[in-house]
């Protein structure tokens, strides 16, 4: 799917979601999302205004932030995140870095 249409949903791999089948899972879909995917508490991408306004270079930067959040804050397995994000056809997700930490500056 194209980046402009991509809705990324995931469930953190944390104790809060213990026992949930979707714990640690990432899915890339489109809007409107399938009702079964509404169980994922986290979402980003086409549901966000900034994503819709950005060009692909801007979306890549946003995707790096989402990827960093998934890996470092939500403890999603790197390969699980990469496999899901690879379904975005017009952004090379292979270059996403695990070495970049999430930007928490707007969460003060």
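Residue numbers (my numbering): 198 to 305. No residue lacks a Cβ here, since even glycine has one placed at the ideal position from N, Cα and C.
Residue from 220, 240, 282 and 228 whose Cα sits closest to the Cα of residue 294: 282
Name the DSSP bridge partner or partners of residue 139? It is not possible to answer for residue 139, since the shown part of the chain is limited to 198 through 305.
Start and end residues, beta strand (DSSP E) containing residue 240: 239 to 242
Should residue 284 go down as buried or exposed, given a rule of 16 or more other Cβ atoms within 10 Å for buried? exposed
Please report the straight-line C-alpha distance between residue 209 and residue 273, rounded to a whole angstrom. 6 Å
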